[in-house]
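Participant: Got a structure here, written out as structure tokens. Questions coming.
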DNA sequence: GTCTATAGGAAGATAGAC
DNA sequence: GTCTATCTTCCTATAGAC
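Chains as they are written, first to last, in full-length UniProt numbering: chain A, 1 to 181; chain B, 1 to 181.
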């Protein structure tokens, strides 16, 4: 039921998906759907919480870690990729939220906290001397996780690339760049 | 009029924005809006065409160029950043399109052509030997332009960073990576 | 070019039977 | 748990006056 809703939210967008669409995709009527959920917004809230909980735990592990910031950044990049792959639907919806309802505003708030924690980590790694200091660390952070997040738009788990390979590719590109060493 | 519509499409999403929302933001009535445009979808089509025309021309320049592919790739990354900054609203909407109407499907088709051209360029640059060959070129292309495209979600032209600086930062990160040289 | 008024339909959500 | 029927609200779009 949640799965059917999420699939439609992703394919058509949350606003363009009606409860009737969800019902039809399950071969039942709207009323049957409303027996299981109290509102369309609640469906969205559940999915967004799934994504935020996973991202929170990935970021918390990196923030609480003891090693060098650059190593913790590498870890959180890898773990983020794994979360995006394992919870792709939920994260995809999270990344598309604009703030149109209380649910969405709350999700955006949680997301901003995560983004700030990641930016702090990048700043730390630059101050440590492990990362280049000639570029604005906040911009680097945005670009780095913009790249990571973008994979929800094209990655397909059934293809040739495993989550592990993908995480390695992302980390290699982000840390060492496109140019042949 | 188009500007007002686009601002709302971005803030609330296309589907969540009604013609009445657009009218109110201009202090007129719905009917006044319909005097200027034939439908809400037509408004979207105009904006998407603006974005696609600009991106097409950036990609065409790189595709038709004669120099090494790696240099043309560098150029198209820079030019893409400039296009995203100069036409941020239009590109933002393009990147959010799902294919819910004929207009959106047509836009997605044009966008896929562009993505394929960029992927070809990355492949060429790898074959040339200028870019690392240990990572899948198609994945690299997706990640690279995923990073580039992600900037529409946070870049603000009135801030401290100029489009030129941003283009340099993106190119530096993409080609040389985060790690201190 | 802008207005009021309204047509026509689709949406979220509920009531109550089975 | 699922149905039919319905309420209410909102939406796109048009007609016709000024």
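Just so you know, even glycine gets a beta-carbon here, dropped at the ideal spot from N, CA and C.
1. Contact criterion: CB-CB distance below 9 Å. Does residue 127(A) meet it with respect to chain B?
2. Only counting the same chain, and skipping five residues up and downstream in sequence, which positions put a Cβ closer than 6 Å to that of residue 122(B)?
3. Does the beta carbon of residue 134(B) sit closer than 9 Å to a beta carbon anywhere in chain A?
4. Classify residue 57(B): buried if its beta carbon has 16 or more other beta carbons within 10 angstroms, exposed otherwise.
5. From the DSSP output, in three-state form, read off residue 131(B) for me.
6. Hey, would you say residue 151(B) sits closer than 9 Å to residue 177(A), going by beta carbons?
7. Taking all protein chains shown into account, decide if residue 233(B) is buried (16 or more other Cβ within 10 angstroms of its Cβ) or exposed.
8. Closer than 7 Å, Cβ to Cβ, to anything on chain A: give me those residues from the region 17–29 of chain B, in chain order.
9. Quick one: what's residue 179(A) bridged to in DSSP?
10. Sorted by chain position, which residues of the same chain lie with C-beta nearer than 6 Å to residue 36(B)'s C-beta, five sequence neighbours on each side aside?
11. I'd like to check one pair, residue 169(A) with residue 131(B): are the Cβ atoms closer than 9 Å?
12. Determine whether the Cβ of residue 87(B) lies closer than 9 Å to any Cβ atom of chain A.
13. Step through the CB atoms of chain B and report whether any lies within less than 9 Å of the CB of residue 98(A).
14. With 9 Å as the threshold, decide whether the Cβ of residue 1(A) is near any Cβ in chain B.
15. Compare the C-beta of residue 40(B) with all C-beta atoms of chain A and state if any pair is closer than 9 Å.
16. Less than 7 Å between C-beta atoms, sequence neighbours within five positions excluded: which residues of the same chain meet that for residue 171(A)?
17. Candidates 101(B), 86(B), 117(B): which alpha carbon is nearest residue 229(B)'s?
18. Going by C-alpha distance, which of 81(B), 43(B), 111(B) is nearest residue 164(B)?
19. Roughly how many angstroms separate the alpha carbons of residue 45(B) and residue 101(B), rounded to a whole number?
20. Would you tell me roughly how many angstroms separate the C-alpha atoms of residue 51(A) and residue 108(A), rounded to the nearest one?
21. Are the CB atoms of residue 149(B) and residue 95(B) within a distance shorter than 9 Å?
22. Taking residue 143(B) as the query, report the chain A residues whose CB atoms sit under 8 Å from its CB, ordered along the chain.
23. Is residue 49(A) close to chain B, meaning its C-beta is less than 9 Å from at least one C-beta of that chain?
24. Counting along the chain, where does the alpha helix (DSSP H) carrying residue 149(B) start and finish?
25. Considering residue 86(A), what are the terminal residues of the alpha helix (DSSP H) in which it resides?
26. Can you say whether residue 13(B) is buried or exposed, counting buried as having 16 or more other CB atoms within 10 angstroms of its CB?
27. Name the chain B residues that come within less than 7 Å of residue 177(A), Cβ to Cβ?
28. Give a yes or no on whether the minimum CB-CB distance between residue 45(B) and chain A is below 9 Å.
29. Measure the CB-CB distance between residue 173(A) and residue 174(B) and report whether it falls below 9 Å.
30. Quick one: what's got a C-beta closer than 7 Å to residue 98(A)'s C-beta in the same chain, skipping five residues either side?
31. Go to residue 34(B), then tell me how far its alpha helix (DSSP H) extends in each direction, as first and last residue.
32. Step through the CB atoms of chain B and report whether any lies within less than 9 Å of the CB of residue 118(A).
33. Residue 127(B): buried (16+ other C-beta within 10 angstroms of its C-beta) or exposed?
34. Less than 9 Å between the beta carbons of residue 9(B) and residue 55(B), yes or no?
35. For a test of the three-state rule: what should DSSP assign to residue 169(B), helix, strand or coil?
36. Only counting the same chain, and skipping five residues up and downstream in sequence, which positions put a Cβ closer than 6 Å to that of residue 23(B)?
Facilitator: Considering the structure as presented:
1. For the purposes of this step, residue 127(A) is identified with residue 127 of the first chain, where counting begins at 1. Judged by the 9 Å Cβ criterion, residue 127(A) is not in contact with chain B.
2. Numbered from its first residue, the second chain carries residue 122(B) at position 122. Result list for residue 122(B): 137, 140, 141, in chain order.
3. Sequence index remark: in the second chain, residue 134(B) carries index 134 (1-based). Yes, because at least one Cβ of chain A sits closer than 9 Å to the Cβ of residue 134(B).
4. Residue 57(B) sits at position 57 when you count from the first residue of the second chain. Answer is exposed; the Cβ neighbour count stays below 16.
5. Reading the second chain from its first residue, position 131 is the one you call residue 131(B). Of the three classes helix, strand and coil, the one that applies to residue 131(B) here is strand, per DSSP.
6. Here residue 151(B) is taken as the residue at index 151 of the second chain, counted from 1. Here residue 177(A) is taken as the residue at index 177 of the first chain, counted from 1. Their beta carbons are not under 9 Å apart, which means residue 151(B) does not touch residue 177(A) by this criterion.
7. What is shown of chain B runs 1 to 181, which leaves residue 233(B) out entirely.
8. none
9. Translated into the one-based positions of the first chain, residue 179(A) becomes position 179. According to DSSP, which records beta bridges pairwise, residue 179(A) is partnered with 131(B).
10. Taking the second chain and counting its residues from 1, one reaches residue 36(B) at position 36. Same-chain partners within the cutoff: 1.
11. By one-based count along the second chain, residue 131(B) stands at place 131. By one-based count along the first chain, residue 169(A) stands at place 169. Not in contact: residue 131(B) and residue 169(A) (Cβ atoms no closer than 9 Å).
12. Along the second chain, read from residue 1 onward, the residue named residue 87(B) stands at position 87. False, the Cβ-Cβ gap to chain A never drops below 9 Å.
13. What you label residue 98(A) is simply residue 98 of the first chain in a count that begins at 1. Answer yes: the Cβ-Cβ gap between residue 98(A) and chain B drops below 9 Å somewhere.
14. The count along the first chain starts at 1 and reaches residue 1(A) at position 1. No, residue 1(A) does not count as interfacial toward chain B.
15. In the second chain, residue 40(B) corresponds to position 40, counting from 1. Residue 40(B) does not count as touching chain A.
16. In the first chain, residue 171(A) corresponds to position 171, counting from 1. Result list for residue 171(A): 74, 77, 78, in chain order.
17. It is not possible to answer for residue 229(B), since the shown part of chain B is limited to 1 through 181.
18. In the second chain, residue 164(B) corresponds to position 164, counting from 1. That would be 81(B), whose Cα lies nearest to the Cα of residue 164(B).
19. Position 45 of the second chain, counted from the start, is the residue given in the question as residue 45(B). Position 101 of the second chain, counted from the start, is the residue given in the question as residue 101(B). Their Cα atoms are separated by approximately 10 Å.
20. What you label residue 51(A) is simply residue 51 of the first chain in a count that begins at 1. What you label residue 108(A) is simply residue 108 of the first chain in a count that begins at 1. So the two alpha carbons sit approximately 12 Å from each other.
21. As a position in the second chain, residue 95(B) is number 95, starting the count at 1. As a position in the second chain, residue 149(B) is number 149, starting the count at 1. Yes. Within cutoff.
22. Taking the second chain and counting its residues from 1, the one referred to as residue 143(B) is at position 143. Ordered by position in chain A, the residues that pass the 8 Å Cβ test against residue 143(B) are 147, 150, 151, 169, 170, 173.
23. Here the question's residue 49(A) lines up with position 49 in the first chain. For residue 49(A), the answer is no, since every Cβ of chain B falls outside 9 Å of its Cβ.
24. To locate residue 149(B), count along the second chain from 1; it is residue 149. Counting along the chain, the alpha helix (DSSP H) containing residue 149(B) begins and ends at 137–150.
25. Along the first chain, read from residue 1 onward, the residue named residue 86(A) stands at position 86. Note, residue 86(A): alpha helix (DSSP H), 69–86.
26. Looking up residue 13(B) in the second chain gives position 13. Buried is the call here.
27. What you label residue 177(A) is simply residue 177 of the first chain in a count that begins at 1. Ordered by position in chain B, the residues that pass the 7 Å Cβ test against residue 177(A) are 174, 175, 176, 177.
28. In the second chain, the residue the question calls residue 45(B) occupies position 45. Not closer than 9 Å to any Cβ of chain A, the Cβ of residue 45(B) fails to qualify, so no.
29. By 1-based counting over the first chain, the position of residue 173(A) is 173. By 1-based counting over the second chain, the position of residue 174(B) is 174. In contact: residue 173(A) and residue 174(B) (Cβ atoms closer than 9 Å).
30. The sequence position of residue 98(A) within the first chain is 98, counting from 1. Only 104 meet the Cβ criterion.
31. Residue 34(B) sits at position 34 when you count from the first residue of the second chain. 30–36 is the span of the alpha helix (DSSP H), which, as asked, contains residue 34(B).
32. On the first chain, residue 118(A) is found 118 positions in, with the first residue counted as 1. Chain B, which has no Cβ nearer than 9 Å to the Cβ of residue 118(A), makes this no.
33. Residue 127(B) sits at position 127 when you count from the first residue of the second chain. Residue 127(B) is exposed by the Cβ-count criterion.
34. Mapped onto the second chain, residue 9(B) falls at position 9. Mapped onto the second chain, residue 55(B) falls at position 55. Against a cut-off of 9 Å, the Cβ pair of residue 55(B) and residue 9(B) comes out as no contact.
35. Against the second chain, residue 169(B) aligns to sequence position 169. Reduced to three states, the DSSP call for residue 169(B) is helix.
36. For the purposes of this step, residue 23(B) is identified with residue 23 of the second chain, where counting begins at 1. Taken in chain order, the residues that qualify are 29, 30, 33.
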